[in-house]
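For reference, the structure discussed in these notes is given below.
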Amino acid sequence: MIVRFFAGAAEAAGRTEQTVDGGVSVAVLKSALVDQHGAEFARVLGYCSLLVDGVLAKDPTVAYPNSTVELSSHLRRR
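Under our numbering, the residues of the sequence shown are numbered 1058 to 1135, in order.
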């Protein structure tokens, strides 16, 4: 799974893209990203839109193998 970060999400993650092993659910992905990127990322994540292959992800329990996930927030770190 490829995860792309935009705007405030990219700033909080300190990168614009990363690869995550396996086809995990949105909930598991978010948890793993927070564990990896920390408290500031967790705060920004609450303001993010999450798209999977260009479609808004609404069900956090669905797994998305071999997908591209995009996280975008309009927040910028201060």
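Using N, Cα and C, we set each Cβ at its ideal position, and we do this for glycine too. As the structure is a prediction and not an experimental result, all values here were calculated from the model.
What would DSSP say about residue i, mapped onto helix, strand or coil?
i	result
Val1060	strand
Val1083	helix
Ser1129	strand
Val1112	strand
Buried or exposed for residue i, please, with buried defined as at least 16 other CB atoms from any protein chain shown within 10 angstroms of its CB.
i	result
Gly1065	buried
Leu1130	This sequence places Ser at residue 1130; Leu is not what is there. The residue is buried, with at least 16 neighbouring Cβ atoms inside 10 Å.
Would you please state the rounded distance, in angstroms, between the beta carbons of residue i and residue j? I believe it to be under 8 Å.
i	j	result
Val1077	Leu1107	With 8 Å as the limit, Val1077 and Leu1107 do not qualify as a contact, their Cβ atoms being about 13 Å apart.
Ala1120	Ser1082	5 Å
Ala1084	Pro1117	4 Å
Grab the span of the alpha helix (DSSP H) containing residue i for me, first residue to last.
i	result
Val1101	Ala1096 to Leu1102
Along the beta strand (DSSP E) that carries residue i, what are the first and last residues, could you check?
i	result
Thr1076	Glu1074 to Thr1076
Check whether the segment 1066 to 1077 touches the segment 1108 to 1124, counting contact only when three or more Cβ pairs, one atom from each stretch, lie closer than 8 Å.
no
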